[in-house]
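J.:
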Amino acid sequence: MKKLIAMAAIAASCSIPATQAFAACTAWSGTAGGYTDTKNPILLVHGVSGFSTVGGLIGYFHTIPLNLCRSGADVKVASVSAFNYSEQRGQQLADDINNNRYGGGKFNIMAHSQGAPTSRAAITFDASRNAWGGGRIASVTSVHGVNKGSKTADALNGLIPTQVQGGVAALANAVGGLINVLSGANHSQDALSALKTLTTNGTNDLNSRHGYGVSSGYCTNDRATQVSVRGNNVKLYSWSGDRVLTNVLDVTDPFLGITSLPFGWEQSDGLVSECSQRMGYYIGARAANHVDAVNHLFGARELWHDPISMYRQQANRLKNEGL
503 MKKLIAMAAI AASCSIPATQ AFAACTAWSG TAGGYTDTKN PILLVHGVSG FSTVGGLIGY
563 FHTIPLNLCR SGADVKVASV SAFNYSEQRG QQLADDINNN RYGGGKFNIM AHSQGAPTSR
623 AAITFDASRN AWGGGRIASV TSVHGVNKGS KTADALNGLI PTQVQGGVAA LANAVGGLIN
683 VLSGANHSQD ALSALKTLTT NGTNDLNSRH GYGVSSGYCT NDRATQVSVR GNNVKLYSWS
743 GDRVLTNVLD VTDPFLGITS LPFGWEQSDG LVSECSQRMG YYIGARAANH VDAVNHLFGA
803 RELWHDPISM YRQQANRLKN EGL
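Take the sequence shown: its letter number 134 is residue 636 in this note's numbering, and every next letter is one higher.
In structure tokens:
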């Protein structure tokens, strides 16, 4: 039974799908000054098992770039390792930003799931690459981010027997390698490291070096909403989800029902507790699960919640704050 739960949980964490015809886009003609016309481009950062786009047809953030660009935003979609330590992914992200892979200037990062700790690590590495005050990250918004660890990762780490860890890791690494081939990326893959970095202990270790906007306690409200790293000011935001089963037509909901078991009665989005998702200025919790947060599966979601509107509202917030 434990092996069954473990395999189902792995399937759920790897099934956060990624379908969208638009990986990146520029502001539509005539939308200057529009609702989402931020000063700095928006850079979307994927979570574990994710990628930017496959062949220009399959992407991670379903229709979200399009819906930001149609009212003035310039949107880029990052590509880092599908499976690896958050710190390693953060180094990749900072390197790509500073090598102008996504263009010049500063960026407003919106990061889903493991993308949140990845982006917090990138703040440190980005600042170290630039002169005092010259960092390239203007803001980080955590979307259902793993900011205080995941009890699902804790459970998985304890459930997978040592003797089969190598086989499980090889399978997941192969998936990551396939993602590399299909997406045109060339990132190292380390599935066991990805699992360990998302545990409570692994996240606490990362937070000891890159704990920007994270509270001192598990669910306390002493989060910094802005940090200065080597003179570079970065504003921090987050929103969370507190539902697991949101749409009977969404085939990922049953998997999230299984991965939510370690949380007991605690509110979660199926993979991350509501408290763990908080970072910086907390926008609040919405009726969404971990997959809904990126408008999947194919837009199947809770009837009264539109995840796209969250990205649009946040872009407008950034615009109004001069970011």
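Heads up, the beta-carbon is just placed ideally off N, CA and C, and yes, glycines get one too.
I'd like the ranges of any beta strand (DSSP E) spanning at least 3 consecutive residues and lying wholly in the stretch 557-616.
T.: 577-579, 609-614
J.: If you run the structure through DSSP and keep just helix, strand and coil, what is T699?
T.: helix
J.: Using the three-state DSSP reduction, which class does K650 fall into: helix, strand or coil?
T.: coil
J.: Report yes if the C-beta distance between N542 and L738 is below 8 angstroms; otherwise report no.
T.: no
J.: So the alpha helix (DSSP H) N734 belongs to, where does it begin and stop?
T.: Counting along the chain, no alpha helix (DSSP H) covers N734; the unbroken beta strand (DSSP E) around it starts and ends at 734-743.
J.: Short of 7 angstroms in beta carbon distance, which residues of its chain neighbour R819, apart from the five on each side in sequence? Order them along the chain.
T.: none
J.: Over what stretch of residues does the alpha helix (DSSP H) that includes Y813 continue unbroken?
T.: 809-822
J.: Counting only the same chain and skipping the five closest in sequence on each side, list residues whose C-beta sits under 7 angstroms from that of C721.
T.: Around C721: C777.
J.: Near G574, which residues of its chain fall below 6 angstroms by C-beta distance, leaving aside the five closest residues on each side in sequence?
T.: Counting only Cβ-Cβ distances below 6 angstroms, and skipping sequence neighbours, we find A529, T533, G536, T538, D539.
J.: Going along the chain, which residues of its own chain have a beta-carbon closer than 6 angstroms to the beta-carbon of Y784, five neighbours each way excluded?
T.: Within the same chain, and ignoring the five residues on either side of Y784 in sequence, the residues whose Cβ sits closer than 6 angstroms to its Cβ are S740.
J.: For a test of the three-state rule: what should DSSP assign to T643, helix, strand or coil?
T.: strand
J.: Report buried or exposed for S630, applying the criterion of at least 16 other Cβ atoms within 10 angstroms of its Cβ.
T.: exposed
J.: What number of angstroms, rounded off, separates the C-alpha of N827 from the C-alpha of S730?
T.: No answer is possible for residue 827: the residues shown for the chain start at 503 and end at 825.
J.: Give me the DSSP bridge partner(s) of I544.
T.: V577, N610
J.: On the three-pair Cβ rule with 8 angstroms, is the stretch 650-661 touching the stretch 584-601?
T.: no
J.: Can you check DSSP and say which residues form a bridge with V796?
T.: DSSP lists no partner for V796.
J.: Whole-angstrom Cβ separation of H646 and H792, contact assumed at under 8 angstroms?
T.: 6 angstroms
J.: Work out the CA separation of E768 and V716 for me, nearest whole Å.
T.: 19 angstroms
J.: Three Cβ pairs or more, each shorter than 8 angstroms: is that satisfied between the stretch 620-628 and the stretch 706-716?
T.: yes
J.: Quick one: Cα of S641 to Cα of A623, how far?
T.: 13 angstroms
J.: Under three-state DSSP, which class holds R788?
T.: Correct three-state label for R788: strand.
J.: Return the CA-CA distance between L700 and W806, expressed in angstroms with no decimal places.
T.: 30 angstroms
J.: Which residues in the same chain have their Cβ closer than 8 angstroms to the Cβ of N569, if we skip the five residues on either side of it in sequence?
T.: A distance below 8 angstroms between beta-carbons, with the five flanking residues on each side excluded, links N569 to the following residues of its chain, in chain order: I810, Y813, R814.
J.: For the ligand PLP, I want to know if K653 counts as a neighbour, meaning its beta carbon is within less than 7 angstroms of at least one of the ligand's heavy atoms.
T.: With respect to the ligand PLP, the structure offers nothing, as it holds no ligand at all.
J.: Pull up the distance between the alpha-carbon of D576 and that of R732, whole angstroms please.
T.: 27 angstroms
J.: Among the candidates A817, D752, V753, D744, whose CA atom is the shortest distance from the CA of G497?
T.: Any question about residue 497 goes unanswered here, given that the chain covers just 503 to 825.
J.: Which value, in whole angstroms, describes the spacing of the CA atoms of M509 and N734?
T.: The pLDDT assigned to M509 is 39, lower than 50, so where the model puts this residue is not dependable; a value taken from the coordinates is nonetheless given after this. If I take the Cα positions, the gap works out to 43 angstroms.
J.: Does DSSP put S770 in a helix, a strand or coil?
T.: strand
J.: If contacts are defined as beta-carbon pairs under 8 angstroms, then L697 and L658 qualify, I think. What distance do you get, rounded to the angstrom?
T.: About 6 angstroms; that satisfies the 8 angstroms criterion.
J.: In whole angstroms, what is the alpha-carbon distance linking V579 and L595?
T.: 11 angstroms
J.: Let me confirm a value: L708 is counted as buried when at least 16 other C-beta atoms fall within 10 Å, else exposed. Which label applies?
T.: buried
J.: Within its chain, find whatever has a CB closer than 7 angstroms to the CB of M846; leave out the 5 residues flanking it on each side and keep chain order.
T.: Given that the chain is displayed from residue 503 to residue 825, the structure contains no residue 846 and the question cannot be resolved.
J.: How many whole angstroms separate the CB atoms of S621 and G660, which I take to be in contact at a CB cut-off of 8 angstroms?
T.: That pair is no contact at about 28 angstroms.
J.: Quick check on this structure: which residue in A790, P756, R603, Q590 has the alpha carbon closest to the alpha carbon of V550?
T.: Proximity to V550 across A790, P756, R603, Q590 peaks at Q590, based on C-alpha coordinates.
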